[in-house]
Each structure stands twice: as structure tokens, then as C-alpha cells.
Amino acid sequence: MSELRLYNTLSRTVEPFRPAVPGQVRMYVCGMTVYDYCHIGHARAMITFDVVARWLRERGLDLTYVRNHTDVDDKIIQRAAELGEDPLALSQRFVRALDEDLARLGLVEPDIAPKVSEHIPSILAMVQALVDRGHAYEADGDVYFAVESFDRYGQLSGKRIDDLRAGERIAVDARKRHPGDFALWKAAKQGEVSWDSPWGPGRPGWHIECSAMATQHLGDTFDIHGGGIDLVFPHHENEIAQAECATGHGPFARYWMHNGHLTLVDETGEPVKMSKSLGNVIRIRDLADQVPAEAIRILYLDSHYRRPLPFGPTKLQDALMAAERVHLARQVLEGVLASSPSLGSPEADAAAAAGIAATLAGDTAELYELARTFPERFGEAMDDDINTALALAHLFDLVRVTNRFGNDKKAGKRAGPVARIALDAFDLAGRVLGVGGRDSASFFVELTDKLLARQGLSRAEVQARVDQRQEARGARDWARADQLRDELDALGVVLMDGTGGTTWRMRVA
RNA sequence: GGCGACGUACCCAAGUGGUCAAGGGGCGGGUUUGCAAAACCUGUACUCACCGGUUCGAAUCCGGUCGUCGCCUCCA
8 MSELRLYNTL SRTVEPFRPA VPGQVRMYVC GMTVYDYCHI GHARAMITFD
58 VVARWLRERG LDLTYVRNHT DVDDKIIQRA AELGEDPLAL SQRFVRALDE
108 DLARLGLVEP DIAPKVSEHI PSILAMVQAL VDRGHAYEAD GDVYFAVESF
158 DRYGQLSGKR IDDLRAGERI AVDARKRHPG DFALWKAAKQ GEVSWDSPWG
208 PGRPGWHIEC SAMATQHLGD TFDIHGGGID LVFPHHENEI AQAECATGHG
258 PFARYWMHNG HLTLVDETGE PVKMSKSLGN VIRIRDLADQ VPAEAIRILY
308 LDSHYRRPLP FGPTKLQDAL MAAERVHLAR QVLEGVLASS PSLGSPEADA
358 AAAAGIAATL AGDTAELYEL ARTFPERFGE AMDDDINTAL ALAHLFDLVR
408 VTNRFGNDKK AGKRAGPVAR IALDAFDLAG RVLGVGGRDS ASFFVELTDK
458 LLARQGLSRA EVQARVDQRQ EARGARDWAR ADQLRDELDA LGVVLMDGTG
508 GTTWRMRVA
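For the first sequence, this note's numbering puts the final residue at 516, and the numbers step up evenly by one.
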């Protein structure tokens, strides 16, 4: 087995990943500030670390996965005021929406999903520790972190304190000792949600909650801290400063992983801003209404997580066709297995498969060999800084050989054990990437339902027309049959005449 | 102004010193099919933005040019 290597923003290199406690991994990922529905940009981070978590577990590591909800924040308060809603009620509402959306994308749930509002005591304790240790100071009920008190400030982002252009884009607060100082605790304005503190009623600053929640749940030092590339500065930089100064030692997190941003592009590939004012924000729930999760996951996983990801009009379509291709192949294997059952135990199947492959040779032997060695190639790709695009490419290699195997009529009746081995490979991809593991029937039911809904058609309508055409075909009335097929085609229905009858599916494009 | 990332075929995209430059989509040809669809086979980059350099050898390393994007302010 290859060695897992991860890019560490701290060192700006790909490093061998060695958890602090062998066999155990503690990972914290910055979740969302919950004041609106999550969009395709957020999903990149969520899916990236979902796959990281899945791969760590697949490798047998005992993972504790924490992903927070920031439910107390300026933007939440502002939005709540606009809507005349209680801030915590509003954030609670969007936490639920987020959970729904992520579940629809097939994300594994974090072990712990801490909320700021439920961690005020540990946040206050950390702020107090920072004040006690001389890293923070109070001013009019606010408490600020003094960046000059931490000599490694800027290490993660590669910035130097002196380079931070004070006042360049935001007015300098005269109460700060250094323009880079940031709020740990903000005094409450009239009527704002607040908690009591030694500095008067207030609420946490933006960065402190992650330091406090991460150390509370994972300890002073943990293995992986993840988030979007935009969080490197100032959020993660500040998290490090707060945590390491409060605990008195580092490192806070040993490996820092950051996903690249998704950018919207138009038909010509030119970048377009995604913003509410332009009305082009694409929400996860809207995407999930249109296509199965597998397609969305392929869309993201088909490029490396650190690269920028241009999201254009054809992307979803391409990914959907790829997802369909995977499941058409899986369907072939399920079909073979149905007529030539597995022997029941993995060992028996493995032994039988080897024998059958040797006897039948050709495409059967090739599939056997490719499927047998699949975990190795797949694992190497994943170990190489989570190269999901390469891992998917390996899956598609398997898809092609599977289809070739499926075309080989003489193999079908005896090749159950070989199909079983190949399905194991699909299942591996399913466990790690969330692509290819689901039984094809349920995939196609979901896909068809979603595409029918887009066309405003019902299953019964389509089936009735398909039956009519079958009658015509039975009577060898080809003209009539072709006419009916053309009509169905115009509705987006594709027919497949097979030996066992005609099946239909909705055209993806 | 500072820091950083990226530029691979018609589109998306892996590859970061050495066998034919993965994979997906598209397009052309073929097999199969009543005809199709799906599938398979096959053709689609003698070349990796451009210009120099290092090297026996570079898409991969170094320097420069052009272009795009991000962060430095809330942001996944």
C-alpha cells in the first residue's frame, strides 16, 4: 500500500501524512456561516472534505471529524434584523437547510457539529486566557488580539505583519494597537443577541469560535484543519494565533488543507461573478432537484481539490453523462450476477473468479485482472493528495472493460464471481467518492424521475406510448414504430430495444 | 503596491524530468441493430500560452513575456 501524502499549506509542499497518534486522526473543517442556503461554491469545500474523511476511514484510520456551524455572526444578525427574525432562530433554520442539502449530496455526517451559540463558555475561557497571558486587551467592551504579541503571526499565509496595509481598504480603528489586531469579543450594540462576559455583554468575534471549538473537541493539537482557500487569511491565521497563544504551545493543527474556489464562467469560458444582485447564485438544492448526487459529485471530483474549478453551462451535463455511464456499466455487472450468482463468500468468489477468468480468457480475464488490481491503483491516486480525478479515471477504465465483458455473450452465464469482484471495485469507489456504489436500479429511478419532472411528463404517459410502439413492432409495422419513437424522442425519451424487450430512459443532454 | 495560484486537444481535465501525453464530454469512421439507442473498436494535441536557458533528455526545473484568477476587507 502506498503512503498517504497531503499538501500542507503550512509547508506549501506535499508531505507524508502521519497522525500524531498512529491510527487515529482528528480533523476539523470550517463549515458555514448559516444565514442563507448553501451554493455550489460551499459545496466544493463540503465535498472535498467529505472525500478526505471517507478516504481516511477507508484506510482504516480512526477518524474524529468535526465540522462547525457558525451561528452567531454579524451577517446573521444583519439578515435577522432585515427579516425581523430572531438571529438564532434564523441560523437554526439554515442549519437544518444545510443538513438537508448536504445529505442530498451524500455527505457523511461529521461526528461533531458544534455551534458557536453552544460554546460560549469555552470561547470566554479562551479570550480570558489570552488576556491573562498578555496577548489580548480590552477597549470599550471589545477585546482585541494583539498580533505583535505572537511572533509566528503570518506563518500560514506567508504574510508579514508589516505588509498588512493598514487602512488600505478599511478604516483603521483608533482603539487598536496595531491595525492587524482583530476582535475576540465584540461589545453588544443595543438590542443585539449577547452573552455576559467579564468585559460586559457581547458576542464572540469571527475567528475565536473555531479555535475554541476545535481545541475543546479535539485537543490543543490535532491533525488536519480544512477549509476554503479564502480562509487562509485572516481566518486560519487568526485561529492559529488565538489557539497557540491561549494554550501556550503549538502546533494548533499539524496539517492545513485548503480547497480551491469554484468560479462561474459563461458559455465562452469568461469568468462571471456569482452574486445575489446578478441573480446567478446556484444553490445546492436546485442542483440536487435536477440530477442525482452522483452527477454533482463527479462534477467536483473530476478536478483536483486545490485547483480552481470553473463552473460553466455544460459542466453539469457532462458530469451527468459520466454518472450515467458508470451506472450503465454497473447494471451490466448486476445483470450477470443475477443469472450467475456469487458463491457467497469473498474467498470462494475470488478463487472461482480466478479460475473462470483463466478458462474464458479474453474480456473476462481482462476484467478480472483490472478489477482485482483496482484497489491498488485507486488507492495510489487517493493517497497522492486526494487525486480524485485520477481515481475517477481508473473507475472509467473499469467501466470500459466492464462493457466489453458485457458484450461477450458466452461469458454471461458463468461469470458471476468475476462480476462480483468487479462490483467490489465499484463499491470501493462508492464508499470513497460516493460515485458508483449505489445499485443501478435506484440510480436510474432517481435520474428518470428527475428528468421526467423537468419535461413535465409522467412515467405512465411514457410507458403507454412505449407499449404502443411495442405493438407496432410486434406487427412489424416499422414505419409506425419509428414514428412513435420519433415522438418519444422529441420528448426526451430514449428507447433501447434489447433481447429481453424494450427499455427506455430519459435523454440526459 | 505585497503575497499566491493557474494557462495541456473543440469543451472539461489528470500528469510536474525519460515507455504511444490518462479519463469524461463532443465530433468523424466502423462493428452491432429491422432502423435506432446503449456498448465496443477507431480517428481526433508529433504537442503541453509564448520566448529563452539548464539537462543526454522538460508539459514537467530556472529566467522573462503575455493572459486569467484569488487573497491582502466578509467569503467555502
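Here a beta-carbon is modelled for each residue, glycine too, at the ideal position from N, C-alpha and C.
Test item: CB-CB of residue i and residue j under 8 Å
i, j, result
"F412", "D474", "no"
"L517", "C37", "Residue 517 is absent from the model: the chain starts at 8 and stops at 516."
"S9", "G255", "no"
"F229", "R25", "no"
"R514", "L491", "no"
"N3", "M220", "Nothing can be reported for residue 3, as the shown portion of the chain is limited to 8 through 516."
"I54", "L112", "yes"
"S164", "E244", "yes"
"K420", "S310", "no"
"V501", "L402", "no"
"T409", "A336", "yes"
"H268", "P315", "yes"
"L405", "F381", "yes"
"F451", "G444", "no"
"I215", "V134", "yes"
"R3", "L454", "This structure cannot settle anything about residue 3, because the visible part of the chain is limited to 8 through 516."
"R487", "A479", "yes"
"Y160", "A248", "yes"
"E156", "G141", "It is worth fixing the name first, because residue 156 is Ser in this sequence and not Glu. Yes, Cβ-Cβ distance for S156 and G141 is below 8 Å."
"M264", "I231", "yes"
"F240", "K166", "yes"
"L63", "Y262", "no"
"V200", "P29", "no"
"V288", "H49", "no"
"Y78", "V102", "Note that residue 78 is Asp in the sequence shown, not Tyr. Their beta carbons are under 8 Å apart, which means D78 touches V102 by this criterion."
Range of the contiguous beta strand (DSSP E) that encloses residue i
i, result
"A260", "A260 to N266"
"G235", "F229 to G235"
"A143", "A143 to A146"
"P299", "Here P299 belongs to no beta strand (DSSP E), and DSSP marks it neither H nor E."
"F152", "D149 to F152"
Whole-angstrom C-beta distance between residue j and residue i, which should lie under 8 Å
i, j, result
"K196", "Q297", "Wrong, their Cβ atoms sit about 42 Å apart, outside the cutoff."
"L294", "L323", "7 Å"
"A253", "L137", "5 Å"
"A329", "I291", "Contact doesn't hold; Cβ gap of about 19 Å is too wide."
"S447", "E341", "6 Å"
"M39", "L105", "6 Å"
"D80", "W202", "Between W202 and D80 the Cβ distance is about 14 Å, and since that is not below 8 Å, they are no contact."
"P128", "H224", "Actually they are not in contact, since the Cβ atoms of P128 and H224 sit about 14 Å apart, beyond 8 Å."
"V343", "A426", "4 Å"
"Y375", "I303", "That pair is no contact at about 32 Å."
Segment limits, alpha helix (DSSP H) that includes residue i
i, result
"M389", "F381 to D390"
"L340", "K322 to S346"
"P94", "P94 to R111"
"I83", "D81 to L90"
"D456", "S447 to Q462"
"D434", "G423 to L440"
"I130", "I127 to D139"
"E246", "E244 to T254"
"G413", "T395 to N414"
"A359", "P353 to L367"
"M8", "Segment: none, M8 is in no alpha helix (DSSP H) and carries neither H nor E."
"L285", "Per DSSP, L285 belongs to no alpha helix (DSSP H) and is neither H nor E."
"H224", "I215 to L225"
Bridge-paired residues (DSSP) for residue i
i, result
"E22", "L13"
"M513", "V500"
"R210", "K193"
"G505", "G508"
"P317", "T270"
"H76", "M39 and K122"
"L70", "V32"
"W202", "G209"
"H46", "R290"
"L469", "Before going further, note that residue 469 is Val rather than Leu in the sequence given. In the DSSP output, where bridge partners are listed per residue, V469 has none listed."
"P278", "V272"
Residue i: CB within 7 Å of a non-hydrogen atom of the ligand NAD
i, result
"T16", "In the structure on display, the ligand NAD does not appear, and there are no ligands present to speak of."
_Meets three-Cβ-pair contact criterion under 8 Å: the stretch 270-290 and the stretch 362-378_ = Fewer than three pairs of CB atoms, one per stretch, sit closer than 8 Å, so the stretch 270-290 makes no contact with the stretch 362-378.
*Okay, do the stretch 81-88 and the stretch 141-154 touch, 3+ Cβ pairs below 8 Å being the bar?*
Not touching, per the Cβ criterion.
*Per the contact definition of three or more C-beta pairs closer than 8 Å, is the stretch 387-399 in contact with the stretch 48-62?*
Short answer: they touch.
*Please determine if the stretch 40-53 and the stretch 188-205 are in contact, where contact requires at least 3 C-beta pairs separated by less than 8 Å.*
The answer is no - the stretch 188-205 does not touch the stretch 40-53, with fewer than three Cβ pairs under 8 Å.
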